[in-house]
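Undergrad: Take the position in the sequence shown, starting the count at 1, then add 7; the result is the number in our numbering. Glycine included, C-beta positions come from ideal geometry on N, C-alpha and C. Shown below is the structure under consideration.
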Amino acid sequence: MPVGVIFRVLIAIGICAAVAVAVRAETAPSDENGRYLLRKAEDGWFRVDQKTGQASLCREGNVGFTCELVPDDRDALLDEITRLAEENAMLRAQVAKGGMPQLPGKADTPDAKKDDGIKLPSREDLDKVMETFRAMAERFMAMVKDLEKQFSEESKQ
Numbered sequence: 008m009p010v011g012v013i014f015r016v017l018i019a020i021g022i023c024a025a026v027a028v029a030v031r032a033e034t035a036p037s038d039e040n041g042r043y044l045l046r047k048a049e050d051g052w053f054r055v056d057q058k059t060g061q062a063s064l065c066r067e068g069n070v071g072f073t074c075e076l077v078p079d080d081r082d083a084l085l086d087e088i089t090r091l092a093e094e095n096a097m098l099r100a101q102v103a104k105g106g107m108p109q110l111p112g113k114a115d116t117p118d119a120k121k122d123d124g125i126k127l128p129s130r131e132d133l134d135k136v137m138e139t140f141r142a143m144a145e146r147f148m149a150m151v152k153d154l155e156k157q158f159s160e161e162s163k164q
């Protein structure tokens, strides 16, 4: 999930929590047994349906009061949790089968790595290279020993 979406969801949850705290901090509702709980808000009235839990912001307009539902981020969060749980189950099943997991939407992207035709060396090729380097090192060390002998003989004379 993109960071921006998570950030917006967290901000919306924070706003809802702040509104809920403000509503709770107000005095008792005028009608304790009524269906709706009304609290004075900065730009109107905050109305909570006590049966369904839906919240609305009511404002006075040209024709009277109109109420707009406050978006419920809980549904969006539950949908995202469900989607992630399904994706998790799919990935676990693929791993259990021994297959490489294929994440949705990743294989078709233009940035997906394609086979560029490079062939990696075989074990035998690596062994040949290592043997060549070993032989070169032995020849180099033999040359160094010969030079040491030559310099030591010249220094004795």
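1) Can you give the beta carbon distance from Phe72 to Ala62, rounded, assuming they're within the 8 angstroms contact cut?
2) Taking 7 angstroms as the limit between beta carbons, can you name the residues of its chain near Gly51, skipping five residues before and five after?
3) Measure how close the beta-carbons of Val16 and Asp80 come, nearest whole angstrom, since I'm counting them as under 8 angstroms.
4) Taking the alpha carbon of Leu76 as the point to measure from, which residue in Ile88, Thr89 and Gly60 has its own alpha carbon closest?
5) What are the residues that DSSP puts in a beta bridge with Gly51?
6) Can you have a look at Val70 and say buried or exposed, based on whether 16 or more other CB atoms are within 10 angstroms of its CB?
TA: Reading it off the structure:
1) Rounded, the Cβ-Cβ distance is 15 angstroms, inconsistent with contact.
2) Leu64, Cys65, Arg66 and Glu67
3) In this structure, Val16 and Asp80 form a Cβ contact; the two beta carbons are roughly 6 angstroms apart against a cut-off of 8 angstroms.
4) Of the candidates Ile88, Thr89 and Gly60, the one whose C-alpha sits nearest the C-alpha of Leu76 is Gly60.
5) For Gly51, which the question treats as bridged, DSSP gives the partners Ala48.
6) exposed
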